[in-house]
Amino acid sequence: MADLNSVLELCGDLEMKLEETLLQKERRDLITEHLALISSKYKFTIPDFPVGCDWLNSVPLSLTNHLKGKVAVLDFFTYCCMNCLHVLPDLEVLEETYSIEKGVVVIGVHSAKFNNEKVLDNVRNAVLRHNIMHPVINDPDAYLWNELMINCWPTFVVLGPNNEYLHSFAGEGNRQRILEFVDVALEYYGETGLIKPHQLPLHFEKNDLERCEDILQFPGKLCVDSQGSTLYISDSGHNRILGCDLTSGVIKTVIGGPEKGFQDGSFQNARFNNPQGLVLNNQTLYVADCDNHSVRKIDLSNNEVTTIAGTGFQGDDKEGGKLGTQQPLCSPYDLVMVPSVVSVSGKHDVLLIALAGSHQIWAYFLQDTVWFQKSQYECGTCVCVAGSGCEENRNNSYPLKASFAQPSGITYCPSQHCVYIADCESSSIRCFDLKSQAVRAVVGAERNPTNLFAFGDVDGSGIEAKLQHPLGVELLTDSPDGPLIIADTYNHKIKRVNLSSKSCSTLIGCGQPGDLISTDPLLSSFNEPADLAVDAAKQLIYIADTNNHRIKLFDLHTNSLSDLPMKIEKLQESVNENSCNLDKTRFRITPKKTKAQLLETVRLCSSSCLTFQLDISFRSGVSLTNDMVSCWQIFTEDDASKQLLANLTKTNGEIVSLTSQPRIDIHIPVIDQCTPFQVHFECLLYTCSVKGLCNMVPLLYTQPIVISKDGLDGHTVILKHSL
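All residue numbers for the sequence shown refer to the working numbering, where the first residue is 403 and numbers rise by one.
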């Protein structure tokens, strides 16, 4: 057996050879030769997943049992990392192209950067927020990271069917190379009979998510109007923008959602994808549409959404200069309106964009503008104004030589004509002076610009203060002292910064994740608060308590914290329906792609009874998995059919053993004659054999029903299946 260093050297040789040719056959031949060398001389079997680690979307998996016979792609990621989020679409394409049955498995190996990211519940929230649908192991001690000598996020390691190290890919932009390599590996090992089609015992976290009663899902960013009458919310998990009347608490405006998309148009037809930063300019609301890599404009007077910058695809341009929708962007995360340097009227005519994905600050000019050093820009131009594009905490008098690390929050201070930036990956607050164009430190981080691990939870001044991945920043009062208010996200706190002394202190929060409102603000708890909005006149702070799916309100006059009451009146039915139908798999226990078995139509009369009897049988040596919950559910999808289940006391349950399988009696109410209905019955079984093979078995049945005068008085449907 070879050692890992020898294999890594071999992988480096392969990359050099592949760079020298674009011919598909030559590339496939080179990869095949590489795999042959791995099999004959350079076989390095990686250690199994560490015992005792928690798993998401799956039971604990083993390389030697579950992944034997598979080509596995290990994604080493940490959920704070924008680069790691950028590659999730690549993994989705890989999973859609090569299913588990075809022999390919994607495994997320969560290797935390921040202490907060080591906590299982926080990783679970990230899996839910970003719709990750493959198994994820939480490796808080970075055991596999160290064993495989990983050195950056994200990194992909490809394993062969006997858990041998085949190749690795570091960073973004490797989609086609990974697809190419996996395709050749499947062909190579398939010809030798080593690829196996068995399923894995998956159980998606989304299936356990029951949050239809919540109006919000992972709210990201906030914006309050100048009168303090309306709070606009990026309801990021629902891919929509909400407008909440602060007097009544009623949601009066719903824009987009619930499904993700990239579409302009009316409030009902427009679609967003993980919308984040908001800024209001008169009757125009601008939105940082993060995962669409664009900036959207919402006309609140005409109820219309248009795209003003970005193409809808991730860009890698670090300079910019094109007009509007011709200019690619990379994960815009927050926005702020500022006046140009030479503006006489003080009119805010420049939209600054915190581009978290490219680690820069860009500007979108709302009119022909003279910028710093008399640079002239045409209306609609979108260009970088600060940040080299390197992920660093580098301050500099020249803005394009300064560097940021995933800037995710931005606010404007008119009297100083500067913006303050929540630079989350450096765990610091930075200042960009719009007069001198210098970028300076405020609080957090340290002097070494390349050290992005100087995080903590320490009140203090300047670099003595420590933050942990702050995402939001707002100016409370435009005075020499400020203060700035910070959402110190991974410390689960709201902090205050005196701008004169650069002293940072905790305002609200005990520092532990939770959802507690205490009479003592320092005993209250949040769960990764991502943003805040301030009403300076009323001394109110609105807080997006992201993982608690709600907005909280802090009154500086009374020093009290409370939940912001929110309700939907006229829009109640439509919004709740949208929330429930955000993803039809939320209320399904079987995977979305499960093919339904269409049963023969049953004709019944009113006041009759339809019975479903599950009849599962196992062959010798197969049994239900002890440590997994097999379950069943009966449901309808159309409004008309819902009345059939209205009187059922139980519509779902567990399958504990084959001797007590569910029997459901549906008593048909008095219904208009010749009415068609559909009822769906599904179950999800987790089985294991004496040979140690474990499987997830989804079953879905669709039963058409017609109510008519000549129908049966009763009927029993036997749902028979053998394994």
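We put the beta carbon where it would ideally sit given N, CA and C, even for glycine.
Keep in mind that this is a model prediction, so the values were computed, not measured.
For residue i, does the count of other Cβ atoms within 10 angstroms reach 16, so buried, or fall short, so exposed?
i       : result
Pro563  : buried
Cys554  : exposed
Asn530  : As written in the sequence, residue 530 is Leu, which differs from the Asn given in the question. Under this definition Leu530 is a buried residue.
His605  : buried
Arg952  : buried
Val626  : buried
Gln629  : exposed
Leu412  : buried
Thr891  : buried
Tyr688  : buried
Leu1120 : It should be pointed out that residue 1120 corresponds to Ile in this sequence rather than to Leu. Exposed, since its Cβ has fewer than 16 Cβ neighbours within 10 Å.
Ala528  : buried
Gly846  : buried
Met968  : buried
Val740  : buried
Phe620  : buried
Leu425  : exposed
Val511  : buried
His1069 : exposed
Val409  : buried
Met484  : buried
Leu918  : exposed
Asn467  : exposed
Arg796  : buried
His959  : exposed
Phe715  : exposed
Smallest Cα separation from residue i: which of the options?
i       : options                               : result
Cys833  : Ile812, Arg849, Glu494 and Leu432     : Ile812
Gly1116 : Gly645, Leu1087, Arg1005 and Thr1104  : Arg1005
Leu1086 : Glu494, Arg526 and Pro603             : Pro603
Gln941  : Val652, Asp957, Lys598 and Gly913     : Asp957
Ala587  : Tyr567, Ser650, Leu424 and Gly573     : Tyr567
Ser1110 : Ile1068, Cys1033, Asp1017 and Ser1008 : Ser1008
Thr1003 : His1082, Asn1028, Gln1035 and Trp1034 : His1082
His600  : Val506, Val689 and Thr1027            : Val506
Val495  : Glu582, Lys623 and Tyr766             : Glu582
Gln999  : Glu930, Phe928 and Gln1080            : Gln1080
Thr344  : Ala544, Asp1067, Asp937 and Lys515    : Because the chain spans 403 through 1125 in this model, residue 344 falls outside it and cannot be assessed.
Gln678  : Val1024, Asn641, Tyr590 and Gly714    : Asn641
Glu1056 : Ser1043, Asn1049, His959 and Val1031  : Val1031
Asn548  : Tyr1088, Leu406 and Leu869            : Leu406
Thr879  : Leu854, Glu930, Ala938 and Leu633     : Ala938
Ile991  : Gln1105, Ile440, Gly667 and Pro1100   : Pro1100
Gly874  : Glu848, Pro809 and Ser838             : Pro809
Thr649  : Ile1070, Pro1078 and Leu966           : Leu966
Asn949  : Ala932, His959, Leu955 and Leu1102    : Ala932
Leu901  : Asn609, Gly622 and Ile887             : Ile887
Phe774  : Asn797, Cys820 and Ser805             : Cys820
Gln769  : Pro851, His750 and Ile763             : His750
Gly658  : Leu1050, Asn576, Asp543 and Asp691    : Asp691
Pull up the CB-CB distance for residue i and residue j, whole angstroms please, since I reckon it's below 8 Å.
i       : j       : result
Ile552  : Asp492  : Not confirmed; about 18 Å, so no contact.
Ser460  : Pro537  : 4 Å
Val1123 : Gly759  : Strictly speaking, residue 1123 in this sequence is His, with Val absent from that position. The pair is not a contact, with the Cβ atoms about 47 Å apart (cut-off 8 Å).
Ile653  : Ile643  : With 8 Å as the limit, Ile653 and Ile643 do not qualify as a contact, their Cβ atoms being about 11 Å apart.
Leu963  : Pro923  : 6 Å
Asn524  : Asn518  : 6 Å
Ile896  : Leu836  : Between Leu836 and Ile896 the Cβ distance is about 26 Å, and since that is not below 8 Å, they are no contact.
Pro1078 : Leu1016 : Contact doesn't hold; Cβ gap of about 24 Å is too wide.
Leu1143 : Ile1107 : With the chain represented from 403 up to 1125, any question about residue 1143 goes unanswered, as that position is not in the structure.
Is there a Cβ of chain C sitting closer than 8 Å to that of residue i, yes or no?
i      : result
Ile970 : Annotation note: the requested chain C is absent from the structure, which comprises a single protein chain.
Query raised in the report: If we count Cβ pairs, one from each stretch, closer than 8 Å, do we get three or more for the region 720 to 739 versus the region 752 to 763?
Result: yes
Report task. Return the chain-ordered ranges of every beta strand (DSSP E) run that is complete within the region 665 to 708 and spans a minimum of 3 residues. Result -> 677 to 683, 686 to 691 and 696 to 701
Requested in this report: Return the chain-ordered ranges of every alpha helix (DSSP H) run that is complete within the region 468 to 539 and spans a minimum of 4 residues.
Outcome: 484 to 488, 490 to 499 and 522 to 531
Report task. Evaluate the contact criterion for the region 416 to 424 versus the region 440 to 457: three or more CB pairs, one atom per stretch, below 8 Å. Result -> no
Query raised in the report: Between the region 899 to 918 and the region 858 to 870, do three or more beta carbon pairs fall short of 8 Å?
Result: yes
Query raised in the report: Is there contact between the region 811 to 831 and the region 851 to 861, where contact requires at least three CB pairs shorter than 8 Å?
Result: yes
Query raised in the report: Curious, which full-length beta strand (DSSP E) runs of at least 3 residues does the region 1057 to 1101 contain?
Result: 1065 to 1069 and 1077 to 1091
Query - Complete beta strand (DSSP E) runs within the region 928 to 952 (minimum length 3 residues, chain order) - result: 933 to 937 and 942 to 947
Query raised in the report: What are the start and end residues of each continuous beta strand (DSSP E) run of 3 or more residues lying completely inside the region 532 to 585, in chain order?
Result: 538 to 540, 557 to 561 and 567 to 572
**Report entry** Those runs of the alpha helix (DSSP H) which lie wholly inside the region 708 to 757 and span at least 4 residues
**Finding:** none
Query raised in the report: Should the region 779 to 799 be regarded as contacting the region 701 to 708, the criterion being three or more beta carbon pairs within less than 8 Å?
Result: no
Query raised in the report: Which parts of the region 763 to 795 are runs of the beta strand (DSSP E), unbroken and 3 residues or longer, counting only runs that do not cross its ends?
Result: 783 to 788
Report task. Would you mind listing the beta strand (DSSP E) stretches within the region 796 to 862 that are 3+ residues and don't spill past its ends, in chain order? Result -> 809 to 815, 820 to 825, 830 to 835 and 841 to 846
Query raised in the report: What residue ranges within the region 585 to 659 form continuous alpha helix (DSSP H) runs of no fewer than 4 residues, ordered along the chain?
Result: none
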